[in-house]
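Note that the numbering used here numbers the sequence shown so that position 19 is 23, with each residue one more than the last.
Right, one structure below, let's go through it.
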Amino acid sequence: MEALIETAMRDTYRRRERPSITALHDRVRELCRACGEVAPSWKAVRARVKLADPRLLMRDREGAKAARERFEPVVQEYRADHARFTSSRSTTHWSICLSLMPCIAGPFSGLG
């Protein structure tokens, strides 16, 4: 049974036309009928698709370049043009709030 599903995935599902799982299920049913086996349910076929390697599926359905862009690690140099893009201290929500507190509270609140 697994071999039939894998064959149907290779022949039908892994195409540039990007056929649906229903089309794959129809192909699996055809192959099972030809071999005299009971066809799996649509959910079982969908589960096999989810178990397949997503990188290989994307390579076959959308192309090698799309798969590379999606799954390869990005290796680039990070360069800041100005000093303000790099920071030696982290700015948290509270440090921003505390720095704005005198402006928000006003001169009569006793905070500034």
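Positions of the beta carbon are idealized from the N, C-alpha and C atoms, including for glycine.
Because the structure is a prediction, the values reported are computed rather than measured.
Cβ-based burial, residue i [other Cβ within 10 Å; buried from 16]
i, result
"V32", "buried"
"A12", "buried"
Helix, strand or coil at residue i according to DSSP, with G and I counted as helix
i, result
"V79", "coil"
"Y73", "Here the sequence assigns Glu to residue 73, which means Tyr is not the residue at that position. Three-state DSSP puts E73 in a helix."
"M13", "helix"
"D64", "helix"
"E21", "coil"
"E34", "helix"
"M5", "coil"
CB of residue i within 8 Å of CB of residue j, strictly
i, j, result
"L28", "L8", "no"
"R37", "R65", "no"
"F75", "R50", "no"
"M62", "A71", "yes"
"I25", "V53", "yes"
Cα-Cα separation between residue i and residue j, rounded to whole angstroms
i, j, result
"Q80", "E10", "37 Å"
"T16", "V78", "32 Å"
"R18", "G67", "10 Å"
"G40", "R14", "21 Å"
"E6", "R20", "23 Å"
"K69", "D30", "30 Å"
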